[in-house]
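See structure below.
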Amino acid sequence: MTQLLLFNVTNGLIIGAFYVLMALGLSLILNLSNVINFAHGGFLVIGGYIAYTITPYIGFWGALLLAPPLTAIIGLIVERVLIRPLYGRDPLYSLLLTFGLAFMIEDGTRFIWGPQGKPVTIPPFLAQPLSNDLFFITGYRLFMVAVVMIAVALLFVLLRYTRLGVRIRAGTLDLETVAALGINVQMLRSLNFAVGIFLAGLSGVLAAGQLGLEPTMGTGLLMPSFIAIIVGGIGSLPGTLAGGLLIGVASGLTAVFLPAASEAVIYVLMAVVLLLRPRGLFGEEGMMT
Amino acid sequence: MNVLEIKNVTKRFGNLVAVRDVSLEVGKGELCAIIGPNGAGKTTFFNLISGFFPPTAGSIAFDGRDITRLATHERVTLGMARTFQITEIFPELTVFQNVRIAAEVAGGYRLRPWINRSEAAQIHSQVEDTLQLVSLAAKADRLVGELSHGDQRAAEIAMALALKPHLLLLDEPTAGMGDQETYQITQLIRRLHRDSNYTIVLIEHDMRVVFHLADRICVLDRGQMLAQGTPQEIAANEIVQAAYLGNAA
Amino acid sequence: MNSAQTRKLITLTAIWAVLLFAPFWMLPLGGYTALATRVLVLGLAAMSLNFLLGFTGVLSFGHAAYFGLGAYGAGLTLKFLAPSTPLALVLGMLLGGVCGALLGALIVRRRGVYFAMVTIAFGQVFYYIAFQWSSLTGGDDGLRGFSRQPIDFGLFQIDILSNANNFYYFVLFCFALMVGVMGYILRSPFGRTMIAIRENERRSRFLGIPVERHIWIAFTLSCFFMGFAGALYALVNNFADPRGLHYSQSGDFVMMAVMGGMRSFWGPLLGAAVFVVLQDYLSSVTVNWMSFVGLLFVLVVLFFPRGLLGFIQRSKA
Chain A
1 MTQLLLFNVT NGLIIGAFYV LMALGLSLIL NLSNVINFAH GGFLVIGGYI AYTITPYIGF
61 WGALLLAPPL TAIIGLIVER VLIRPLYGRD PLYSLLLTFG LAFMIEDGTR FIWGPQGKPV
121 TIPPFLAQPL SNDLFFITGY RLFMVAVVMI AVALLFVLLR YTRLGVRIRA GTLDLETVAA
181 LGINVQMLRS LNFAVGIFLA GLSGVLAAGQ LGLEPTMGTG LLMPSFIAII VGGIGSLPGT
241 LAGGLLIGVA SGLTAVFLPA ASEAVIYVLM AVVLLLRPRG LFGEEGMMT
Chain B
1001 MNVLEIKNVT KRFGNLVAVR DVSLEVGKGE LCAIIGPNGA GKTTFFNLIS GFFPPTAGSI
1061 AFDGRDITRL ATHERVTLGM ARTFQITEIF PELTVFQNVR IAAEVAGGYR LRPWINRSEA
1121 AQIHSQVEDT LQLVSLAAKA DRLVGELSHG DQRAAEIAMA LALKPHLLLL DEPTAGMGDQ
1181 ETYQITQLIR RLHRDSNYTI VLIEHDMRVV FHLADRICVL DRGQMLAQGT PQEIAANEIV
1241 QAAYLGNAA
Chain C
2001 MNSAQTRKLI TLTAIWAVLL FAPFWMLPLG GYTALATRVL VLGLAAMSLN FLLGFTGVLS
2061 FGHAAYFGLG AYGAGLTLKF LAPSTPLALV LGMLLGGVCG ALLGALIVRR RGVYFAMVTI
2121 AFGQVFYYIA FQWSSLTGGD DGLRGFSRQP IDFGLFQIDI LSNANNFYYF VLFCFALMVG
2181 VMGYILRSPF GRTMIAIREN ERRSRFLGIP VERHIWIAFT LSCFFMGFAG ALYALVNNFA
2241 DPRGLHYSQS GDFVMMAVMG GMRSFWGPLL GAAVFVVLQD YLSSVTVNWM SFVGLLFVLV
2301 VLFFPRGLLG FIQRSKA
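Chains as they are written, first to last, in the working numbering: chain A, 1 to 289; chain B, 1001 to 1249; chain C, 2001 to 2317.
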């Protein structure tokens, strides 16, 4: 029983780590640009398939380093060409556009790489379980959690200590003032978008090693990421972090006691949080949302 | 009985005290102008009266009833109407439609999925009378968004009047206007005050307008009430001269 | 009668004439009556959504949930309760509307993208219920084992099951009823407060409109209409599909409204017609129809944001 519990909590944490990476990217874009990026899951899939394609040539480590920035570049192009004309218009339009884009990416990857799951080979030493008792904790799972932790830590360092990060945070609070200070808001939005997509690409590479690749996998992660943001409190990145881990662990725990409800539980959690704290766990009261 | 009685209101935003211990009484039929330099807390004070947010301390009574904690729309229902520094209208509707919405809400029809002929006719004539009053009758079928700035302001005032208010709050009614438009709006406010006997509180920067219209002037400075009195008293007040009128003139 | 009113009357006559004679003119053009029935039902759904989206200015991206609830409500009624088509429609509508009313109360304080996000997430709740509760709903396979019943007038019955034309006219009658109610509300004082909220929320508040309450009412009404459309859809297919509740279905509805023209009353019907016919055609000629539908979204947003009717109106002006 303890083992089962531990297994599912670990599972929950790992899934939660994915939610966190996805949701942080979504949150960054939402907070600064008021865009709900429905194609975020699509970028995760792109990241995964880029990794799958380049692994045979440069190995897993090379792919891990190269696939996320390549995904971010694709994101940058998409932002520049498709999303930029929509800033300042009703947010409905960017929502619909990214919604359509998600369709195209899913179908496009199926067209290029086929509908079957593709495995990405991970280094053998990472594939080993830690011990016989803890057979379910492979090195790769620990490695994933570590990478996510590093990525999140770097993101927060970026936001707190670099000029770009400070500007992003300032722009999130009051974009007009930032523009009045002579900062290039378009550039800021582009870079911010790229950072968000980088995180999606990174999740894609990590997910490819763990779950194998399927064109639909991004869509499946999208809704929990939304909920992570809502539960954590829209507008708050620490909230998103907490929200992602919380719903990950909650669904892991539910899987022990009531497997059928493991997916439904995150929705219940969201309803409860919104009833008790209408602005989410870390949402600030009085914020005009 | 006074229409408006404000007792010792204070509004804090974090460490900033935007309005500090201000009291004000406005009698029926009175026109009271609030003046003061930028950042004096005039608009915050207005927002407290109209219920944008509740005061940190103090109380507000309207027609003898405590409204300190009432929501905006409840205050409007009690008879308080307001215009804004930056005109708030329904730009894609016609002048007539703008004012009709106000008249229907004031008539208690806002939740009604139907309206019968006689009710509609009554609303119709009320809207027309209001438009006549603000000299917009000829432009009733134009989209408000296409009107001149002065006419948009007049339309906003018409909407406020259609609510049949006991108190009219006007936030810088002549802001951003040329001399001609300023003159027209000033005449309109004067008519509303003198002929139709409306009780009015307004914020205004243009001293010519203030001294032309006001029965009483209140001077706010750094969130506090510096002085209040008749235009003659304020013009003669040395503190006000030093703090405000001197460098504004 | 002035020229604007005359034009309006002509347009209305034309729309109803096209709808009334659809079974006759569609066949020579290569259509089939069942396609017209689907357009009508999905058009009603898109118009129901647009009641909120276009006329109150509130972006719900989870409206498929109430559509789907209507479908399950109708299906379950026919399967377990009573073999009555009218009862199925009423109960389907109630299920969608009541669930919408409850959820609406929880979320009306949100605006813009945040409202959209919360509606998506809550919409998925109903999707999961329909998906997981297999013993009642049939789970992934959907709800089967029911069919629409003849309309019984006591003296005579109208067969709407096997006669496609009869069914089309039955659906058209229901459609006319709902659209009539919608139009009536929009022209009432309450309807005008909805438009006021869309145009300027702050001004509405300062006219004495309790904005949250009015948005909640508009949301709830829209969910009732949506539930009714969903119930009709269950009758069309004799089947209720969990995917009908999914957010991607919501996206389709929003697309129909935008593509036709959100600011016009009839726009969403036109959008639905184009969308359904296009999807029908694309899925018959290519396996990659998803890409084309996605591309359609992108193109409409970038080049026709005011929709077909908005585009026509603008080029006339």
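For each residue, glycine too, the CB sits at the ideal point set by N, CA and C.
Neighbour list for residue i in chain B, Cβ cutoff strictly below 7 Å
{"i": "aspartate 2196 of chain C", "result": "In the sequence as presented, aspartate is not what sits at residue 2196 of chain C; that position holds alanine. Chain B residues near alanine 2196 of chain C: Phe1090, Ile1101."}
{"i": "arginine 2203 of chain C", "result": "Glu1088, Ile1089, Phe1090"}
{"i": "isoleucine 2209 of chain C", "result": "His1073, Val1105, Arg1110"}
{"i": "proline 2189 of chain C", "result": "Glu1104, Tyr1109, Arg1110, Arg1112, Ile1115"}
Three-way DSSP call (helix, strand, coil) for residue i in this model
{"i": "proline 2028 of chain C", "result": "coil"}
{"i": "threonine 1256 of chain B", "result": "Limits of chain B in this structure are 1001 at one end and 1249 at the other, which puts residue 1256 of chain B out of reach."}
{"i": "glutamine 1030 of chain B", "result": "In the sequence as presented, glutamine is not what sits at residue 1030 of chain B; that position holds glutamate. In the structure shown, glutamate 1030 of chain B sits in coil (DSSP, three-state: anything other than H, G, I, E or B)."}
{"i": "glutamine 1241 of chain B", "result": "helix"}
{"i": "glycine 2138 of chain C", "result": "coil"}
{"i": "serine 2011 of chain C", "result": "Sequence inspection shows threonine at residue 2011 of chain C; the serine mentioned does not correspond to that position. Here threonine 2011 of chain C sits in helix by DSSP."}
{"i": "asparagine 1008 of chain B", "result": "strand"}
{"i": "alanine 1214 of chain B", "result": "coil"}
{"i": "arginine 1020 of chain B", "result": "strand"}
{"i": "methionine 223 of chain A", "result": "helix"}
{"i": "phenylalanine 1062 of chain B", "result": "strand"}
{"i": "glutamate 1146 of chain B", "result": "helix"}
{"i": "leucine 2161 of chain C", "result": "coil"}
9 Å Cβ cut-off: residues of chain B touching residue i
{"i": "asparagine 2200 of chain C", "result": "Glu1088, Ile1089, Phe1090, Pro1091"}
Residues that residue i contacts on chain A, provided the C-beta gap is smaller than 9 Å
{"i": "glycine 2043 of chain C", "result": "Result: empty, since nearest Cβ-Cβ is about 18 Å, beyond 9 Å."}
{"i": "phenylalanine 2303 of chain C", "result": "Within 9 Å Cβ-Cβ: nothing; phenylalanine 2303 of chain C doesn't reach chain A, min ~10 Å."}
Amino acids of chain C, ordered along the chain, whose beta-carbon sits closer than 9 Å to that of residue i
{"i": "leucine 237 of chain A", "result": "Those within 9 Å of leucine 237 of chain A in chain C number zero; the least Cβ separation is about 16 Å."}
{"i": "arginine 1082 of chain B", "result": "Phe2206"}
{"i": "alanine 260 of chain A", "result": "Gln2132"}
Other residues of its chain near residue i: CB distance less than 7 Å, five sequence neighbours each side excluded
{"i": "leucine 275 of chain A", "result": "none"}
{"i": "glycine 1029 of chain B", "result": "Asn1197, Thr1199"}
{"i": "leucine 2145 of chain C", "result": "Here residue 2145 of chain C turns out to be glycine, not leucine, going by the sequence shown. So the qualifying residues of the chain are Lys2079."}
{"i": "leucine 365 of chain A", "result": "Only positions 1 to 289 of chain A appear in the structure, and residue 365 of chain A is not among them; the question remains open."}
{"i": "glycine 1041 of chain B", "result": "Ala1018, Val1019, Leu1220, Gly1223"}
Under 8 Å by beta carbon: chain A residues contacting residue i
{"i": "alanine 2121 of chain C", "result": "Met223, Phe226, Ile227, Ile230, Tyr267, Met270"}
{"i": "valine 1949 of chain C", "result": "An answer regarding residue 1949 of chain C cannot be provided, because it is not within the stretch 2001 to 2317 covered by chain C."}
{"i": "leucine 2296 of chain C", "result": "Gly100"}
Chain C contact residues for residue i, given Cβ-Cβ distances below 7 Å
{"i": "leucine 274 of chain A", "result": "Leu2106"}
{"i": "threonine 1077 of chain B", "result": "Gly2208"}
{"i": "leucine 281 of chain A", "result": "Ordered by position in chain C, no residue passes the 7 Å Cβ test against leucine 281 of chain A, which lies about 15 Å from the chain."}
{"i": "leucine 1163 of chain B", "result": "Leu2207, Gly2208"}
{"i": "methionine 1159 of chain B", "result": "Leu2207"}
{"i": "glutamate 263 of chain A", "result": "Tyr2128"}
Contacting residues, own chain, Cβ-Cβ under 8 Å from residue i (five flanking each side not counted)
{"i": "phenylalanine 2303 of chain C", "result": "none"}
{"i": "methionine 2055 of chain C", "result": "Per the sequence shown, residue 2055 of chain C should be read as phenylalanine rather than methionine. The answer, listed in chain order, is Leu2186, Gly2191, Met2194, Ile2195, Arg2198, Ala2218."}
{"i": "leucine 2087 of chain C", "result": "Thr2077, Leu2081"}
Proximal chain B residues relative to residue i, where beta-carbon distance stays under 8 Å
{"i": "arginine 2192 of chain C", "result": "Gln1097, Arg1100, Ile1101, Glu1104"}
Other residues of its chain near residue i: CB distance less than 6 Å, five sequence neighbours each side excluded
{"i": "threonine 98 of chain A", "result": "Asn37, Phe38, Ala39"}
{"i": "alanine 1248 of chain B", "result": "Confidence at alanine 1248 of chain B is low in this model, with a pLDDT of 47, below 50, so its placement is unreliable and the value that follows should be read with caution. So no residue of the chain qualifies."}
{"i": "glutamine 1085 of chain B", "result": "Asp1171, Glu1172, Ala1175"}
Cross-chain neighbours of residue i in chain C, by beta carbon under 8 Å
{"i": "isoleucine 234 of chain A", "result": "Tyr2114, Met2117"}
{"i": "alanine 200 of chain A", "result": "Here the premise fails: no neighbours, minimum Cβ distance about 17 Å."}
Residues, ordered as in the chain, of the segment 2104-2115 of chain C that lie near chain A by beta-carbon distance below 8 Å: The segment 2104-2115 of chain C vs chain A, Cβ under 8 Å: Leu2106, Ile2107, Arg2109, Arg2110, Arg2111, Gly2112, Val2113, Tyr2114.
Whole alpha helix (DSSP H) elements within the segment 1076-1128 of chain B, 4-residue minimum: 1095-1106
Please list the segments of the beta strand (DSSP E) lying wholly inside the segment 2033-2067 of chain C, counting only runs of 3 or more residues, in order along the chain. none
With 9 Å as the limit, tell me which residues of the segment 100-131 of chain A have their beta carbon closer than that to any beta carbon of chain C; keep them in chain order. Gly100, Leu101, Ala102, Phe103, Met104, Ile105, Glu106, Asp107, Gly108, Arg110, Phe111
Return the residues of the segment 76-95 of chain A that lie within a Cβ-Cβ distance of less than 9 Å from chain C, sorted by chain order. Leu82, Pro85, Leu86, Arg89, Asp90, Pro91, Leu92, Tyr93, Ser94, Leu95
Runs of beta strand (DSSP E) wholly within the segment 171-221 of chain A (minimum 3 residues, chain order): none
Going along the segment 2267-2293 of chain C in order, which residues come within less than 7 Å of chain A, judged by CB to CB distance? For the segment 2267-2293 of chain C, the beta-carbon criterion of a distance under 7 Å to any beta-carbon of chain A is satisfied by Asn2288, Met2290, Ser2291, Val2293.
The segment 2242-2254 of chain C: positions lying closer than 7 Å to chain A by Cβ: Gly2251, Val2254
Could you list the residues in the segment 1112-1143 of chain B with a C-beta less than 7 Å from some C-beta on chain C, going in chain order? Arg1112, Pro1113, Trp1114, Ile1115
At 4 residues or longer, and completely inside the segment 7-86 of chain A: list those alpha helix (DSSP H) runs for me, N to C. 40-78
Where are the alpha helix (DSSP H) runs, 4 residues long or more, that stay fully inside the segment 112-150 of chain A, in chain order? 124-127
If you measure beta-carbon to beta-carbon, which residues of the segment 2039-2065 of chain C are closer than 7 Å to chain A? From the segment 2039-2065 of chain C, only Leu2059, Phe2061 have a Cβ closer than 7 Å to chain A.
Members of the segment 2160-2186 of chain C that neighbour chain B once the beta carbon cut-off is set at 8 Å: Tyr2184, Ile2185
Taking only runs of the alpha helix (DSSP H) that begin and end inside the segment 2226-2276 of chain C, which ones reach a length of at least 4 residues, in chain order? 2247-2260
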